[in-house]
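Asker: Just add 217 to the spot in the sequence shown (first one is 1) and you have the numbering used here.
Backbone N, C-alpha and C define an ideal beta-carbon position, used for all residues, glycine too.
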Amino acid sequence: MRLPRAAARPATLRGRLSLLALVSAASVMAVFTIAFNAFVHQHLARQADDQLRARASAIAATVDTSGPVLRVLETPQEDLLDANAWIYQGTSLVEQPSSATAGGPATREAARLASQGGARCATTAHGAVEVRLCARPVPSPGGGQSAATVVTALDLAPYRSSGDTLLMASLALDAVMLICTYAVTRLAVGRALRPVRTMTDQAARWSATASEDRFSGVPRPAELARLGASLDAFLDRIRAGLRHEQQLTGELSHELRNPLATIVAELDWWQARPRSEDETLAAQRAIRESARTMQTICDTLLAEAREDAGRTPGSAAVLPVLDALAARAEKTGVLVRVLAVGEDGELIAGVPAAVLERILGPLLDNALRYAATAVRIRASREPGRVRIEVGDDGPGVPDGFRAHLFQPGRRADPGDGHDGAGLGLPLARRLARSAGGEAELGEPGDGGAVFVVSLPAG
Numbered sequence: 218m219r220l221p222r223a224a225a226r227p228a229t230l231r232g233r234l235s236l237l238a239l240v241s242a243a244s245v246m247a248v249f250t251i252a253f254n255a256f257v258h259q260h261l262a263r264q265a266d267d268q269l270r271a272r273a274s275a276i277a278a279t280v281d282t283s284g285p286v287l288r289v290l291e292t293p294q295e296d297l298l299d300a301n302a303w304i305y306q307g308t309s310l311v312e313q314p315s316s317a318t319a320g321g322p323a324t325r326e327a328a329r330l331a332s333q334g335g336a337r338c339a340t341t342a343h344g345a346v347e348v349r350l351c352a353r354p355v356p357s358p359g360g361g362q363s364a365a366t367v368v369t370a371l372d373l374a375p376y377r378s379s380g381d382t383l384l385m386a387s388l389a390l391d392a393v394m395l396i397c398t399y400a401v402t403r404l405a406v407g408r409a410l411r412p413v414r415t416m417t418d419q420a421a422r423w424s425a426t427a428s429e430d431r432f433s434g435v436p437r438p439a440e441l442a443r444l445g446a447s448l449d450a451f452l453d454r455i456r457a458g459l460r461h462e463q464q465l466t467g468e469l470s471h472e473l474r475n476p477l478a479t480i481v482a483e484l485d486w487w488q489a490r491p492r493s494e495d496e497t498l499a500a501q502r503a504i505r506e507s508a509r510t511m512q513t514i515c516d517t518l519l520a521e522a523r524e525d526a527g528r529t530p531g532s533a534a535v536l537p538v539l540d541a542l543a544a545r546a547e548k549t550g551v552l553v554r555v556l557a558v559g560e561d562g563e564l565i566a567g568v569p570a571a572v573l574e575r576i577l578g579p580l581l582d583n584a585l586r587y588a589a590t591a592v593r594i595r596a597s598r599e600p601g602r603v604r605i606e607v608g609d610d611g612p613g614v615p616d617g618f619r620a621h622l623f624q625p626g627r628r629a630d631p632g633d634g635h636d637g638a639g640l641g642l643p644l645a646r647r648l649a650r651s652a653g654g655e656a657e658l659g660e661p662g663d664g665g666a667v668f669v670v671s672l673p674a675g
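#1: Looking at the structure shown, is R288 part of a helix, part of a strand, or coil, going by DSSP?
#2: Can you find a heavy atom of the ligand ADP that lies under 6 Å from the Cβ of P438?
#3: By the DSSP assignment, the beta strand (DSSP E) with Q306 in it spans what residues?
#4: For E660, collect the residues of the same chain with a Cβ closer than 6 Å to its Cβ; drop the 5 residues on either side in sequence, then sort them by chain order.
#5: Just how far apart, CA to CA, sit L236 and N301?
#6: Taking DSSP's pairing of strands, which residues face S274 in a bridge?
#7: So for G608, helix, strand or coil by DSSP?
#8: Out of curiosity, what's the CA-to-CA distance linking A228 and A345?
#9: With 16 other CB atoms within 10 Å as the buried threshold, where does Q264 fall?
#10: Which partner residues of E655 appear in the DSSP bridge assignment?
#11: Between the beta-carbon of R338 and the beta-carbon of D266, is there less than 7 Å?
#12: So the alpha helix (DSSP H) P569 belongs to, where does it begin and stop?
#13: Please check the pair V406 and L234, which I expect to be a contact at CB under 8 Å, by giving their CB distance rounded to whole angstroms.
#14: Do the CB positions of A273 and V355 come within less than 7 Å of each other?
#15: Any beta carbon of chain C sitting closer than 7 Å to that of E655?
#16: Only counting the same chain, and skipping five residues up and downstream in sequence, which positions put a Cβ closer than 8 Å to that of E326?
#17: Of the choices P476, D485, S433, L644, whose alpha-carbon is the least far from that of R505?
#18: Under the assumption that L642 contacts L622 (Cβ atoms under 8 Å), give the Cβ distance between them as a whole number of angstroms.
#19: Please classify D582 as buried or exposed, where buried requires at least 16 other C-beta atoms within 10 Å of its C-beta.
#20: What do you get for D525, buried or exposed, if any count of 16 or more other CB atoms within 10 angstroms of its CB means buried?
#21: By how many angstroms is the C-alpha of Q259 removed from the C-alpha of L388?
#22: What is the C-beta distance between A674 and I565, in whole angstroms, given that I count them as a contact (C-beta under 8 Å)?
#23: Under three-state DSSP, which class holds D430?
#24: If G380 and L269 are in contact, beta carbons under 8 Å, what's the gap, nearest whole angstrom?
#25: Just to confirm my understanding: we take L373, look at its own chain, exclude 5 residues before and 5 after, and list those with CB closer than 8 Å. What are they?
#26: Going straight from the alpha carbon of V669 to that of R593, what length do you get?
#27: Closest to I576 by C-alpha separation, out of P600, G601, I605, R554, would be which residue?
#28: May I ask you to verify whether the stretch 383-402 touches the stretch 430-447, counting CB pairs closer than 8 Å and requiring at least 3?
#29: Note the first and the last residue of the continuous beta strand (DSSP E) segment covering L539.
#30: For L573 versus A533, is the C-beta spacing smaller than 7 Å?
#31: Cα-Cα, which of A450, L484, A596, L410 is closest to S424?
#32: Rounded to whole angstroms, what's the CA-CA distance from V413 to A442? Just pull it up for me.
#33: Between the beta-carbon of A546 and the beta-carbon of V614, is there less than 7 Å?
#34: Quick one: Cα of A591 to Cα of L580, how far?
#35: Exposed or buried, what is W486 when buried is set at 16 or more other beta-carbons lying within 10 Å of its beta-carbon?
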């Protein structure tokens, strides 16, 4: 069964790099091994030929060709020189080794070399035995044509054995080198990737806990520094997403609290004692209106929270929204005055009515929370924009808290006896900015705090 190609590759980067190094080293070693052994075989062949020629020259020195009959002079090393040597006068065999036969392959090859004349070498094989033969002509005393030829033979088995031994040794050395290469590469790659694994584990821990720790500021190699910068940006996006999620959750709970409290209060009031039909219908209308308000709040905040929401489209008449907010605030006992300044026609803001209500609602709630007797809402037109001011006659914002006023979860005095989670003002500013406007703290008039909302005109 053939395995898929992906199954044959290591799953880890460490394994893949080690395998790549092993394959590369094996390719290089194969080339060098082939070249080395080819050189060794050529060198051994030259050594064999040199030895044969040296023996042939030594034997030729013992051959006397001065007379009509060739004579071989006696020497102290005659037995050594005569071993595996043939002497020819012309094509006639004068002397041959004692171990050679007249019809043997070595004798036939020696006769062929002698008949061809000149210095030649050839190889003959008899079974598994290879014999190298070299012929050397013996010149005549007069300097004419050679009068005799000496042919020497050498068994190549020792040379072949030496070549095979060197081949096996080089293969064994290659195997050891490949094993060492693979082991060293795995060790080196493992040590090189150890900081990457450490950074990966740290990023996983930091992302799970929304930690503020980052990789920047620690000296690292250029590649790891770039990886650290990428992970830092990734962690920043995760942290921003978590903050956005937490902020959205807090804003939803903050905005849904009032209509939900109205529903609970109406149900408790309706269940407290038997009610008339008109009272029951009024309670149902109040519950239905609060439920619709909750639905509008959820739709508005979730639509604004989408990354692709962009600039909020739509438009709305400002005064009807202000009147509706003022009407809902009547039950608090605080007088709410709505004033439109210098408007001959209808004042239109470039945001939907639901978004305008969500922008102004937290500002009005904050004013009602701290007002002593009255809240004033003033709407006016500016070039290309609509300006809405929400002010109260309360104690105002402490000077030391102005810089933190629109930070989520911050309150000037959490123990002042007023409810609130510090999320309404940041929500108003975020919604205003998403619509291309702004919400900020204005200059106090007759006392208290004044919040100014500037929105594009519709």
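Answerer: Here's the rundown:
#1: Counting from 1 along the sequence shown, the entry for residue 288 is found at position 71. Reduced to three states, the DSSP call for R288 is strand.
#2: The ligand ADP is not part of this structure, which contains no ligands at all.
#3: Position 89 of the sequence shown, counted from the start, is the residue given in the question as residue 306. Note, Q306: beta strand (DSSP E), 302-306.
#4: Locating residue 660 in the sequence shown gives position 443, where the first residue counts as 1. Non-local C-beta neighbours of E660 in its own chain, meaning closer than 6 Å and more than five positions away in sequence, are absent.
#5: Within the sequence shown, residue 236 is the residue found at index 19, counting from 1. Within the sequence shown, residue 301 is the residue found at index 84, counting from 1. Counting only the Cα atoms, N301 lies some 54 Å from L236.
#6: Your numbering for residue 274 matches position 57 in the sequence shown. According to DSSP, residue pairing for S274 in a beta bridge does not occur.
#7: The residue given as residue 608 occupies position 391 in the sequence shown. The three-state secondary structure of G608, taken from DSSP, is strand.
#8: Residue 228 sits at position 11 when you count from the first residue of the sequence shown. Residue 345 sits at position 128 when you count from the first residue of the sequence shown. Answer to the nearest angstrom: the Cα atoms are 50 Å apart.
#9: Against the sequence shown, residue 264 aligns to sequence position 47. The residue in question, Q264, is exposed, as its Cβ has fewer than 16 Cβ neighbours within 10 Å.
#10: Taking the sequence shown and counting its residues from 1, the one referred to as residue 655 is at position 438. Its beta-bridge partners are S671.
#11: Translated into positions along the sequence shown, residue 338 becomes position 121. Translated into positions along the sequence shown, residue 266 becomes position 49. Residue identity check: residue 338 is Cys in the sequence provided, not Arg. In contact: C338 and D266 (Cβ atoms closer than 7 Å).
#12: The sequence position of residue 569 within the sequence shown is 352, counting from 1. Careful: P569 lies outside any alpha helix (DSSP H) and carries neither H nor E.
#13: In the sequence shown, residue 406 corresponds to position 189, counting from 1. In the sequence shown, residue 234 corresponds to position 17, counting from 1. Confirmed, about 5 Å.
#14: Within the sequence shown, residue 273 is the residue found at index 56, counting from 1. Within the sequence shown, residue 355 is the residue found at index 138, counting from 1. Not closer than 7 Å, so no.
#15: Protein chains in the displayed structure number just one, and chain C is not present.
#16: The residue given as residue 326 occupies position 109 in the sequence shown. Residues A339, T341, V348, L350 of the same chain have their beta carbon placed closer than 8 Å to that of E326, with the five preceding and five following residues left out of the count.
#17: Stepping through the sequence shown from its first residue, residue 505 is reached at position 288. Among P476, D485, S433, L644, the Cα nearest to that of R505 belongs to P476.
#18: Against the sequence shown, residue 642 aligns to sequence position 425. Against the sequence shown, residue 622 aligns to sequence position 405. With a Cβ gap of about 6 Å, L642 and L622 count as contacting.
#19: Here residue 582 corresponds to residue number 365 of the sequence shown, with the count starting at 1. With 16 or more neighbouring CB atoms inside 10 Å of its own CB, D582 falls in the buried class.
#20: If you number the sequence shown from 1, residue 525 lands on position 308. Model confidence at D525 stands at a pLDDT of 43, short of 50, so the residue's coordinates are unreliable; what they give is reported in the following sentence. In this structure D525 is exposed. Its beta-carbon is surrounded by fewer than 16 other beta-carbon atoms within 10 angstroms.
#21: Position 171 of the sequence shown, counted from the first residue, corresponds to residue 388. Position 42 of the sequence shown, counted from the first residue, corresponds to residue 259. The alpha-carbon atoms of L388 and Q259 are separated by roughly 19 Å.
#22: Along the sequence shown, read from residue 1 onward, the residue named residue 674 stands at position 457. Along the sequence shown, read from residue 1 onward, the residue named residue 565 stands at position 348. Contact between A674 and I565 holds, with the beta-carbon distance rounding to 6 Å and staying under 8 Å.
#23: Residue 430 sits at position 213 when you count from the first residue of the sequence shown. Reduced to three states, the DSSP call for D430 is coil.
#24: Within the sequence shown, the letter at position 163 stands for residue 380. Within the sequence shown, the letter at position 52 stands for residue 269. Not a contact, Cβ separation roughly 17 Å.
#25: To locate residue 373, count along the sequence shown from 1; it is residue 156. For L373, where only same-chain residues beyond five positions count, the Cβ hits under 8 Å are A265, T340, E347, V348, R349.
#26: Start at 1 with the first residue of the sequence shown, and residue 669 comes out as number 452. Start at 1 with the first residue of the sequence shown, and residue 593 comes out as number 376. Taking the straight line joining both Cα atoms gives about 12 Å.
#27: Translated into positions along the sequence shown, residue 576 becomes position 359. Restricting attention to P600, G601, I605, R554, the CA atom closest to the CA of I576 is found in I605.
#28: No, they do not touch.
#29: For the purposes of this step, residue 539 is taken as residue 322 along the sequence shown, with counting starting at 1. In the DSSP annotation of this structure, L539 is not part of any beta strand (DSSP E); the continuous alpha helix (DSSP H) holding it starts and ends at 535-545.
#30: Position 356 of the sequence shown, counted from the start, is the residue given in the question as residue 573. Position 316 of the sequence shown, counted from the start, is the residue given in the question as residue 533. Taking 7 Å as the Cβ cut-off, L573 and A533 qualify as a contacting pair.
#31: Your numbering for residue 424 matches position 207 in the sequence shown. Ranked by Cα distance from S424, the first of A450, L484, A596, L410 is A450.
#32: As a working mapping, residue 413 is identified with position 196 in the sequence shown. As a working mapping, residue 442 is identified with position 225 in the sequence shown. A straight-line Cα-Cα distance of about 11 Å links V413 and A442.
#33: Locating residue 546 in the sequence shown gives position 329, where the first residue counts as 1. Locating residue 614 in the sequence shown gives position 397, where the first residue counts as 1. For A546 and V614, no; Cβs fall outside 7 Å.
#34: The sequence position of residue 591 within the sequence shown is 374, counting from 1. The sequence position of residue 580 within the sequence shown is 363, counting from 1. Straight-line Cα distance between these residues: approximately 14 Å.
#35: What you label residue 486 is simply residue 269 of the sequence shown in a count that begins at 1. Exposed.
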